[in-house]
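Asker: Sharing a structure below in structure tokens format, with a few things to ask.
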Amino acid sequence: MSIYGIGVDIVELARIQSSQKEFGERFAQRILHPNEQKALEALSDPQQVSAFLAKRFAAKEATAKALGTGFRDGIAF
């Protein structure tokens with residue numbers, strides 16, 4: 027019998043916006059793959075930028091939870 031992890035994450039948009047203000051571009055660089063960073067650069071509307079970051083962060087956080095590792099042990103996206 028195999029055990030499968032399930033990861034779920036909900037991100038409050040205000041939290042992402044706060045991180046954007048506090049850390050600037052470093053926040054996006056930390057959570058995004060270079061290809062995702064290029065896609066982000068194409069967005070001009072601040073709301074779209076925040077939503078883009080929130081979706082990616084939530085998906086990656088949920089994946090890390092499902093793996094049971096969090097963002098340690100060399101897990102990078």
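Residue numbers 27 to 103, in our numbering, belong to the letters of the sequence shown in order.
No residue lacks a Cβ here, since even glycine has one placed at the ideal position from N, Cα and C.
1. So what's I29 in DSSP terms, helix, strand or just coil?
2. Enumerate in chain order the residues of its own chain whose CB-to-CB distance from S45 is below 7 Å, with the five nearest sequence positions on each side excluded.
3. Excluding sequence positions up to five away, which residues of its chain have a Cβ less than 7 Å from the Cβ of A78?
4. Would you report the Cα separation of S28 and R82, rounded to the nearest angstrom?
Answerer: Looking at the coordinates:
1. Here I29 sits in coil by DSSP.
2. Scanning its chain for C-beta atoms nearer than 7 Å, with the 5 sequence neighbours on each side dropped, one finds around S45 the residues F53, in chain order.
3. Here the sequence assigns Phe to residue 78, which means Ala is not the residue at that position. When the five nearest sequence neighbours on each side are left out, the beta carbons in the same chain lying within less than 7 Å of the beta carbon of F78 are those of L66 and L69, in order along the chain.
4. Cα-Cα distance, rounded: 28 Å.
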